[in-house]
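Number of protein chains: 2
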Amino acid sequence: MKMKIFTMPEEMQAWATAQKAAGRTIGLCPTMGALHEGHMTLMRAAKEASDIVIASVFVNPTQFAPGEDYEKYPRQFREDCEKLAREGVDAVFHPEPAAMYPAGFGTYVTPDCAETQVLEGARRPIHFRGVATVVTKLMNITRADRAFFGQKDAQQVAVVRRCVEDLNLPVQVTMVPICREESGLARSSRNAYLRPAERKAATVLSRSLRKAETAFTAGERSAERLVALVQEELAGEPLARVDYVALRTFPGLQPVTEVRETCLLALAVFIGTTRLIDNVILEGEA
Amino acid sequence: MKMKIFTMPEEMQAWATAQKAAGRTIGLCPTMGALHEGHMTLMRAAKEASDIVIASVFVNPTQFAPGEDYEKYPRQFREDCEKLAREGVDAVFHPEPAAMYPAGFGTYVTPDCAETQVLEGARRPIHFRGVATVVTKLMNITRADRAFFGQKDAQQVAVVRRCVEDLNLPVQVTMVPICREESGLARSSRNAYLRPAERKAATVLSRSLRKAETAFTAGERSAERLVALVQEELAGEPLARVDYVALRTFPGLQPVTEVRETCLLALAVFIGTTRLIDNVILEGEA
């Protein structure tokens, strides 16, 4: 089957509805394009679990604040389609902003909970409202049974899970592990902003997390000391400017002093002017 | 088939999902219970258009502000079920508030548009956020293909339509005409609050609207004069205290001076301590 490309929500939804009427299950992989190997792991997970895979490619304006990188976010739809076709994706949904947010649009999905108020939410106040709104729309448009998100945006996964649970969306959310380069750098479309020296410096993110993870495996349970280990390693990289390092329960994102349940150790770091995020999940014994 | 009763969202959703998997279409009639003949016209419209009819009976706390009538709103679930069974409704969804809004709940559907800011929205600031949230949840829980709402809450229909459109919910919204008593009084669960003299006085609502409608049919197009006709008639009833009388486009709810497109002439009036609403739709030639 040739890969379908839809730009109008109504047409995407009509096609998806026909697929469901034929008894097929639908897996959705929401992306902002500029696809890399990390996205491909989402597609493969979706393909394994669903009859039909729909990838969305949409740089969603409502999750960017003024001054963030909405305008310069990399867009390369043709290359994206080639990659998706090679993975056997069935359909791509690639709407214009005006088709997603037509004149008169005024309904937002507003998650107002621990999951949205800390970490990225504290830095980017409207970000998760935009994410929750567009993900709800995409799930409805594609009639998804399952949706696949990367662990790199772990907080996004927590917010989406909260939103799916709170609104009873009939969708199962799957988190796919972070995909890393050999250097340890988490794959991200924003890595394209990095100059060569910055790309090398950026490996400090995963290195610092690995250091804490090793200590955790060796028995360290103090949140303060685990965070300090990360900060220590980050301090050794002159090109890095720390935005935050935080350790919280996952997916509830509550503060902890001792890691006794599953936790997220997450960070945001500027390398030059590029803001990168990374994280590791520490699996606490209950 | 014996009418099913579900109280847990997960069980309602699983049953609805099985119905859909069997190729059946689902019609949803959301209600707050205390069912009257008006609700039955929704059930009949749903039955005509769908294979399966699900009625929800849920007095939704999030659409009541403190001081409104959440606590005293009439509840009579057993009688409601008898009425629904007689109409051939297939399933009733009757959750506890804690099942709809469990601990940790934090995601609201927030319509922020003309449809929510005027008329009822101006008087009841959180009302339509509560309505949009619960209706989205109910649509998802029941996997509805169609949902049926009464014209008496015409603004609610406009808000739900906006919400369905904005979030791409795969549901068709149908508005069912107002069901009136012989006296002209629009049927409402809140009519139960009226003492006999008040019930008689309450007929002034429909009488005043009919007066304006007659003038409209005879050619009157001035919004100001149509509203004045209603106010004049209401002023003749000593037990009536006007909250608002308004004429706006429908469903956009924009202000108008001349009725040239489809408009809503709506009012809210206190009869004693009971607040009643009523409306008429004026079909303008385009």
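Those protein sequence lines, which keep their order, are chains P and Y. Position 279 of the first sequence, counting from 1, maps to 279 under my numbering, and the rest follow consecutively. Position 116 of the second sequence, counting from 1, maps to 1116 under my numbering, and the rest follow consecutively. Note that CB positions come from ideal geometry on N, CA and C, so glycine has one too.
Distance CB(residue i)-CB(residue j) smaller than 8 Å
{"i": "S50 (chain P)", "j": "P30 (chain P)", "result": "no"}
{"i": "L1229 (chain Y)", "j": "A1201 (chain Y)", "result": "no"}
{"i": "T1133 (chain Y)", "j": "Y1108 (chain Y)", "result": "yes"}
{"i": "I1005 (chain Y)", "j": "H1094 (chain Y)", "result": "yes"}
{"i": "L1028 (chain Y)", "j": "A1147 (chain Y)", "result": "yes"}
{"i": "G272 (chain P)", "j": "E198 (chain P)", "result": "yes"}
{"i": "K1152 (chain Y)", "j": "S1183 (chain Y)", "result": "no"}
{"i": "L1209 (chain Y)", "j": "V1280 (chain Y)", "result": "yes"}
{"i": "L119 (chain P)", "j": "K83 (chain P)", "result": "no"}
{"i": "G284 (chain P)", "j": "E261 (chain P)", "result": "yes"}
{"i": "L1282 (chain Y)", "j": "V1259 (chain Y)", "result": "yes"}
{"i": "A1085 (chain Y)", "j": "M1003 (chain Y)", "result": "yes"}
{"i": "N60 (chain P)", "j": "M40 (chain P)", "result": "no"}
{"i": "V1164 (chain Y)", "j": "Q1063 (chain Y)", "result": "no"}
{"i": "L234 (chain P)", "j": "V242 (chain P)", "result": "yes"}
{"i": "I126 (chain P)", "j": "A65 (chain P)", "result": "yes"}
{"i": "T1110 (chain Y)", "j": "T7 (chain P)", "result": "no"}
Opening and closing residue of the alpha helix (DSSP H) in which residue i lies
{"i": "A1147 (chain Y)", "result": "No alpha helix (DSSP H) contains A1147 (chain Y), which is instead part of the beta strand (DSSP E) from 1146-1150."}
{"i": "D1166 (chain Y)", "result": "1154-1166"}
{"i": "N1140 (chain Y)", "result": "1127-1142"}
{"i": "A1021 (chain Y)", "result": "1009-1021"}
{"i": "A215 (chain P)", "result": "203-217"}
{"i": "V230 (chain P)", "result": "223-235"}
{"i": "P97 (chain P)", "result": "97-100"}
{"i": "T1257 (chain Y)", "result": "Note, T1257 (chain Y): premise wrong, no alpha helix (DSSP H); not H, not E."}
Residue i to residue j span [Cα, whole Å]
{"i": "A218 (chain P)", "j": "L226 (chain P)", "result": "12 Å"}
{"i": "D145 (chain P)", "j": "T1017 (chain Y)", "result": "11 Å"}
{"i": "D69 (chain P)", "j": "F128 (chain P)", "result": "16 Å"}
{"i": "R161 (chain P)", "j": "V53 (chain P)", "result": "20 Å"}
{"i": "P1097 (chain Y)", "j": "V1173 (chain Y)", "result": "25 Å"}
{"i": "L1194 (chain Y)", "j": "T1274 (chain Y)", "result": "7 Å"}
{"i": "P170 (chain P)", "j": "P238 (chain P)", "result": "47 Å"}
{"i": "V1256 (chain Y)", "j": "V269 (chain P)", "result": "53 Å"}
{"i": "A266 (chain P)", "j": "L1247 (chain Y)", "result": "54 Å"}
{"i": "A22 (chain P)", "j": "A45 (chain P)", "result": "22 Å"}
{"i": "Q19 (chain P)", "j": "V135 (chain P)", "result": "20 Å"}
{"i": "F1216 (chain Y)", "j": "R1124 (chain Y)", "result": "30 Å"}
{"i": "D80 (chain P)", "j": "M12 (chain P)", "result": "18 Å"}
{"i": "T14 (chain P)", "j": "K137 (chain P)", "result": "Correcting the residue identity first, residue 14 (chain P) is Ala in this sequence and not Thr. Cα-Cα distance, rounded: 14 Å."}
{"i": "E87 (chain P)", "j": "E1087 (chain Y)", "result": "51 Å"}
{"i": "T214 (chain P)", "j": "E232 (chain P)", "result": "15 Å"}
{"i": "A240 (chain P)", "j": "Q156 (chain P)", "result": "24 Å"}
{"i": "R1024 (chain Y)", "j": "P1196 (chain Y)", "result": "45 Å"}
{"i": "M1 (chain P)", "j": "M1001 (chain Y)", "result": "42 Å"}
{"i": "R1078 (chain Y)", "j": "F1058 (chain Y)", "result": "13 Å"}
Extent of the continuous beta strand (DSSP E) run through residue i
{"i": "Q76 (chain P)", "result": "Careful: Q76 (chain P) lies outside any beta strand (DSSP E) and carries neither H nor E."}
{"i": "M1043 (chain Y)", "result": "From DSSP, M1043 (chain Y) is part of no beta strand (DSSP E) but of the alpha helix (DSSP H) over 1037-1049."}
{"i": "F1058 (chain Y)", "result": "That residue, F1058 (chain Y), is in no beta strand (DSSP E); it is neither H nor E in DSSP."}
{"i": "T174 (chain P)", "result": "172-176"}
{"i": "R1241 (chain Y)", "result": "1240-1249"}
{"i": "G27 (chain P)", "result": "26-31"}
{"i": "A268 (chain P)", "result": "263-271"}
{"i": "A1091 (chain Y)", "result": "1091-1093"}
Anticipated Cβ contact below 8 Å, residue i with residue j, distance rounded
{"i": "T1186 (chain Y)", "j": "D1278 (chain Y)", "result": "Correcting the residue identity first, residue 1186 (chain Y) is Ala in this sequence and not Thr. Their Cβ separation, rounded to whole angstroms, is 5 Å, which keeps A1186 (chain Y) and D1278 (chain Y) in contact under 8 Å."}
{"i": "A1154 (chain Y)", "j": "F1250 (chain Y)", "result": "7 Å"}
{"i": "M43 (chain P)", "j": "V92 (chain P)", "result": "With 8 Å as the limit, M43 (chain P) and V92 (chain P) do not qualify as a contact, their Cβ atoms being about 11 Å apart."}
{"i": "P9 (chain P)", "j": "M139 (chain P)", "result": "So it is not a contact: roughly 12 Å between Cβ atoms."}
{"i": "G38 (chain P)", "j": "G150 (chain P)", "result": "6 Å"}
{"i": "L276 (chain P)", "j": "R190 (chain P)", "result": "7 Å"}
Contact test: residue i Cβ vs the ligand ADP heavy atom, cutoff 7 Å
{"i": "R1044 (chain Y)", "result": "Among the components of this structure there are no ligands whatsoever, and the ligand ADP is therefore not found."}
The segment 31-49 of chain P / the segment 109-127 of chain P touching (three or more Cβ pairs under 8 Å): no
Touch test, the segment 163-178 of chain P against the segment 1195-1210 of chain Y, Cβ-Cβ under 8 Å, three pairs minimum: no
Contact the segment 70-77 of chain P vs the segment 1072-1084 of chain Y: 3+ CB pairs below 8 Å: no
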